[in-house]
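The block underneath contains the structure these notes are about, expressed in structure tokens.
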Amino acid sequence: MLQIHLDDLLSQGLVGAPKRGVRDRFQITAQGIQSMDAEIAATPSSINSESWTGSLDRTSITDSKRVEIIKRIKNLQAVVEDSDLTNSEKSQAGALIAASITMAEAPSPPWESIKELMILIASISTVLTLALEIAKMIS
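In terms of our numbering, the sequence shown opens at residue 26 and continues consecutively.
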């Protein structure tokens, strides 16, 4: 965070001192505006949060691994349909699987989100531990 000290701004001529009778009102000078414009221009317009969040780099999943992940997710769908889960559990797992397939087939798949869905699917029933294997592939 940028800390600005008023004394520094005054001494550099970036702001003008308040006029008599006007309390706590400083006026920015033309030089101050140019300085702020330069500061804004030097600030990056986007920030890559992967460096501190530890989020998975999308390029780390090869095309062949991506195809394998999609294949396993589709196999998981067949496992759900053949399982003795309740209709509600099958419906929930099916919706999460469909979302996972859609995301995995996207041009830039959100692998962390897909991984979270796999963990959520596995929590529905121990029958669905295959989802954890898929999550491990993404890790």
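Think of the CB as a built atom: it goes at the ideal place given N, C-alpha and C, for glycine as much as any other residue.
Computed from a predicted structure; not experimentally measured.
Nearest-angstrom Cα distance between residue i and residue j?
| i | j | result |
| --- | --- | --- |
| residue 63 | residue 33 | 17 Å |
| residue 135 | residue 119 | 19 Å |
| residue 101 | residue 153 | 8 Å |
| residue 151 | residue 114 | 12 Å |
| residue 164 | residue 65 | 37 Å |
| residue 87 | residue 68 | 33 Å |
| residue 91 | residue 61 | 46 Å |
| residue 132 | residue 123 | 16 Å |
| residue 38 | residue 55 | 9 Å |
| residue 159 | residue 40 | 59 Å |
Kindly indicate which residue of the options has the alpha-carbon position closest to the one of residue i.
| i | options | result |
| --- | --- | --- |
| residue 144 | 155, 134, 135 | 155 |
| residue 117 | 59, 132, 140, 147 | 147 |
| residue 141 | 161, 53, 133 | 161 |
| residue 149 | 39, 56, 111 | 111 |
| residue 121 | 139, 133, 86, 132 | 139 |
| residue 157 | 90, 94, 67 | 94 |
Who are residue i's beta bridge partners in DSSP?
| i | result |
| --- | --- |
| residue 40 | 53 |
Here's the rule: buried if 16 or more other CB atoms are within 10 angstroms of the residue's CB, otherwise exposed. What is residue i?
| i | result |
| --- | --- |
| residue 35 | exposed |
| residue 98 | buried |
| residue 53 | exposed |
| residue 58 | exposed |
**Message:** Under 8 Å: do the stretch 125–132 and the stretch 107–115 share three or more Cβ pairs, one atom per stretch?
**Reply:** Between the stretch 125–132 and the stretch 107–115 there are fewer than three C-beta pairs closer than 8 Å, too few to call the two in contact.
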